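Residue numbers for the sequence shown follow this note's numbering, so the first one is 30 and each next one is one higher.
From the three backbone atoms N, C-alpha and C, an ideal C-beta is built for every residue, glycine too.
All figures in this text were calculated on a predicted structure; none of them were measured in a lab.
In what follows, a single structure is set out as structure tokens and then discussed.
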Amino acid sequence: MSAVLLLRPGADLAALHAELHRRGLSGQVLRSDERAAVLVSGPARLEALPGVEHVLSQDTPHPRVEASSPIVDVGGVAVGGPELVIIAGPCAVEAPELLEPTVAAVAEAGAQIVRGGAFKPRTSPYSFQGLGEPGLDLLRRAADRHGLKVVTEAMAPADVPAVADHAELLQIGARNMQNFALLKAAGRCGRPVLLKRGPGNKVDEWLLAAEYLLDAGAPGVLLCERGIQAMEQPTRYTLDLGSAAYLLEHQPLPVVVDPSHASGRRELVPRLARAAVAMGAAAVMVEVHVDPSRARSDAPQALLPLEFARLATELRRLASTLGRPDPARLGSTPLGAFAT
Ligand code: PEP
Ligand code: MN
């Protein structure tokens, strides 16, 4: 059995540890900010322990997820905080003459984080596989020129150090959601992680994948809904906003919605992005390309810079109309909404 305890502000951790020890239990500090969270293994009447405000969850399969902060710091950009975060960029890092104007356009439109894969997971081995490490350099330099943070994918444990050197946020792709060796390596790299949901994975499996990352030491995890395989015909996948709503209500990790991979069609991206912001997603992630006819992957879903600029303005307006922060997620007690 394990339980997560949420402590009162300023609680005496040493006194708690001493009492746990006296009862033959041990505690591990999961979060040590103003309101510490402690994971305890073993049966006990935990409410009666010194400094404990309440037992956040008992017998949870994902204690570290439940004890996480609802705000993740991506190089100074707070994801899950009051401000809507927009992540945008090409599917893949390509030649500088395509990358540079795309990155300039997403920065100009107000995105805070640029995306772009240097290691591309492709269904066919004959499709463009990405530029590899030179692509990471190109992306980092373009982002720095325009004052943006970087998210990019690591496909294998061997990619993790280079990705961590070049990006503030490491991406785990949908098809790698349950690559446990990769999750462990990513969790150890010191960067927060954007974890895409596998198209065939249940929410519980997704949360356990997040638990792998946090258990390995990840300083934060973003859950990215990017569409699942259901009954779709005209769209690439089915954007599962129902699961996103569930996550927003029942666990603290920030939820990111990717309408580009979910729909596979540029004309559908704005509607889905607006739905995501309307429901309270912390961030949206959108593919943009300065010239989709020359894109080497995912051309049909890439927005043109002008379309993206219009969408970004709409999304910000929508977020402020709805009032952020979302009081249900960021109430007086940071984790209060998720207490069992
Ligand atoms: C991507 O974001 O570039 C990507 C490959 O997405 P997914 O893993 O969701 O298919
Ligand atoms: Mn893509």
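- Annotation for L160: V122, A147 place their beta carbon closer than 6 Å to its own, counting only its chain and skipping 5 residues before and after.
- Using a Cβ-Cβ distance cut-off of 8 Å, the stretch 53–63 and the stretch 106–123 are not in contact, since fewer than three pairs of beta carbons, one from each stretch, lie closer than that value.
- Between R174 and H195, the C-beta spacing is not below 7 Å.
- Of the heavy atoms belonging to the ligand PEP, at least one sits nearer than 6 Å to the Cβ of A203.
- For the ligand PEP, no non-hydrogen atom lies closer than 6 Å to the CB of R265.
- Proximity to H83 across V306, D269, V67 peaks at V67, based on C-alpha coordinates.
- In the displayed model, A77 falls within a helix according to three-state DSSP.
- In the DSSP secondary-structure assignment, L223 is bridged to Q200, L251.
- Remark: the C-beta of C218 is outside contact range of the ligand PEP, defined as less than 6 Å to any heavy atom.
- Looking at the DSSP output, A312 bridges to V114, V285.
- Annotated three-state conformation of Q87 is strand, per DSSP.
- Assigned with DSSP and collapsed to three states, S326 falls in coil, not helix or strand.
- Cβ neighbours of R325 within its own chain (closer than 7 Å, five residues either side excluded): A121, E123, F157.
- With distances taken between CA atoms, P321 lies nearest to Q330 out of V315, M314, Q262, Q330.
- If you look at A107, you'll find it in the beta strand (DSSP E) that goes 106–108.
- Any heavy atom of the ligand MN within less than 5 Å of a residue's beta carbon puts that residue on the list, which reads C120, D327.
- At a cut-off of 6 Å, the beta-carbon of K225 counts as near the ligand PEP: some heavy atom of the ligand is closer than that.
- In terms of Cβ geometry, P283 and P248 do not form a close pair [threshold 7 Å].
- Residue burial annotation: E95 is buried, with at least 16 other C-beta atoms found within 10 angstroms of its C-beta.
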